[in-house]
Amino acid sequence: LQFELRALLLKGISFTAIARQLDLSLSTVSKYRRVFGIALVQRKGGRPALINDKYHRRIVAAIRSGHADTVPEAKQLLGLCCSNQTVRNALGTAGLRARAKARKPLLKTSHRQRRLDFALRHRHWTTEDWARVIFSDESEANRMGSDGRRYCYKMPGEELSSRTVQFTVKHGGGSVMVWGCMSVQGVGDLCFIDGTMDAKKYIQILDQHLPASVRHFRMQHTNWIFQQDGDPKHTSATARNWFEDNDIRALDWPAHSPDLNPIEHLWEHLKRCLNAYETHPTNIYELEARILAEWGKIDRKVCLDSIDSMPRRLADGIRANEGHTKY
Numbered sequence: 487l488q489f490e491l492r493a494l495l496l497k498g499i500s501f502t503a504i505a506r507q508l509d510l511s512l513s514t515v516s517k518y519r520r521v522f523g524i525a526l527v528q529r530k531g532g533r534p535a536l537i538n539d540k541y542h543r544r545i546v547a548a549i550r551s552g553h554a555d556t557v558p559e560a561k562q563l564l565g566l567c568c569s570n571q572t573v574r575n576a577l578g579t580a581g582l583r584a585r586a587k588a589r590k591p592l593l594k595t596s597h598r599q600r601r602l603d604f605a606l607r608h609r610h611w612t613t614e615d616w617a618r619v620i621f622s623d624e625s626e627a628n629r630m631g632s633d634g635r636r637y638c639y640k641m642p643g644e645e646l647s648s649r650t651v652q653f654t655v656k657h658g659g660g661s662v663m664v665w666g667c668m669s670v671q672g673v674g675d676l677c678f679i680d681g682t683m684d685a686k687k688y689i690q691i692l693d694q695h696l697p698a699s700v701r702h703f704r705m706q707h708t709n710w711i712f713q714q715d716g717d718p719k720h721t722s723a724t725a726r727n728w729f730e731d732n733d734i735r736a737l738d739w740p741a742h743s744p745d746l747n748p749i750e751h752l753w754e755h756l757k758r759c760l761n762a763y764e765t766h767p768t769n770i771y772e773l774e775a776r777i778l779a780e781w782g783k784i785d786r787k788v789c790l791d792s793i794d795s796m797p798r799r800l801a802d803g804i805r806a807n808e809g810h811t812k813y
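Taking our numbering, the leading residue of the sequence shown gets 487, the next gets one more, and so forth.
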């Protein structure tokens with residue numbers, strides 16, 4: 487009997503179960519536990535875990551592989567009957583945190599190759615070289631400030647991948663469309679675009695606002711360069727003829743490459759300022775007034791710091807080997 491009692495105690499069986507099985511009193515079981523010198527097993531409090539280690543690993547694998555982006559998707563994929571918080575806890579234990587997906591254009595093979603070619607051609611340009619460039623772009627601002635973000639789980643410092651990127655299509659809607667430019671001297675002209683912009687309207691904008699910006703930057707007597715993205719209306723025959731007629735050198739910028747363009751940082755800064763208002767604009771006219779007011783407040787350092795990042799942007803583009811950069 488003692489051998490059987492000792493074996494049960496070593497297995498960690500409860501005193502009550504042993505007493506019932508061997509027809510002994512609880513005090514007898516406790517006494518022999520002390521005689522045998524067997525330590526008490528400290529039992530964990532609380533309810534048992536709803537998901538075991540195997541399902542912890544499966545949850546993490548589902549997210550890391552991209553088969554699931556969100557907690558509900560992971561639950562459905564694995565057929566789990568537990569709360570969303572239980573799955574979040576499992577992801578948190580593995581170091582995964584919910585983050586907004588980076589918004590990046592969908593790149594074709596031709597886009598990727600042109601991005602890499604551009605980065606390689608200009609990899610030796612210094613900040614002084616980029617200081618000669620006037621950067622331009624169009625952007626949109628929503629009256630209600632919605633950005634339609636999607637979220638995913640990622641590790642701290644994890645590189646961008648198709649799993650952590652939300653692909654976008656240019657000009658997918660918005661309340662106000664603007665064109666603006668900047669240089670190391672600060673911001674240039676900003677204008678609102680009414681209706682759909684085609685090549686003809688684009689040339690009208692350049693005619694009216696680019697010379698004024700060049701004079702504002704005091705670059706009219708320098709060998710300055712104009713930057714625009716690879717949008718078809720920017721590279722149309724009409725636009726090319728206008729640049730030739732006005733003796734303006736335009737960079738051969740790769741299409742779908744906002745991450746290489748430092749003016750994107752300027753747009754982000756402007757939209758943060760707009761989002762800082764306590765109330766939404768009541769109409770489009772109030773939104774336009776706010777945009778003009780905030781544009782005029784932008785410090786030159788915002789533009790300077792952004793343009794100074796160009797060598798790093800291109801180096802990151804080369805490391806990304808045709809893919810998206812972190813910018």
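Heads up, the beta-carbon is just placed ideally off N, CA and C, and yes, glycines get one too.
In this text, all values refer to a predicted model and were calculated from it rather than measured experimentally.
Which runs of the beta strand (DSSP E) spanning at least 3 residues fall entirely within the region 492-573, listed in chain order? none
On the premise that R601 lies in contact with P740, defined as a C-beta separation below 8 Å, what is that separation, rounded to the nearest angstrom? 5 Å
If you count every other CB in all the chains shown that lies within 10 Å of the CB of R799, and 16 or more means buried, which is it? buried
Exposure label - H657; buried when at least 16 CB within 10 Å: Its pLDDT being 39, under 50, H657 is placed unreliably in this model, and the coordinates cannot settle the point.
How many whole angstroms separate the CB atoms of E780 and L756, which I take to be in contact at a CB cut-off of 8 Å? 6 Å
Among T724, T682, V673, S792, which residue has its Cα nearest to the Cα of R704? V673
Whole-angstrom distance between I620 and N761, CA atom to CA atom: 27 Å
Residue from K561, S511, S622 with nearest C-alpha to C744: According to the sequence displayed, residue 744 carries Pro and not Cys. Checking every option, the nearest Cα to that of P744 belongs to S622.
Residue span of the beta strand (DSSP E) that contains Q713, given as start and end: 711-713
Delimiting residues of the beta strand (DSSP E) encompassing S815: For the chain, the structure presents residues 487 to 813; residue 815 sits outside this window and is missing.
Can you tell me where the alpha helix (DSSP H) with W753 in it begins and where it stops? 749-761
Decide if Y688 is buried, meaning its Cβ has at least 16 other Cβ atoms within 10 Å, or exposed. buried
Whole-angstrom Cβ separation of P748 and M796, contact assumed at under 8 Å? 6 Å
Relative to the C-alpha of M838, which residue among I679, P697, A685, S661 is closest? No answer is possible for residue 838: the residues shown for the chain start at 487 and end at 813.
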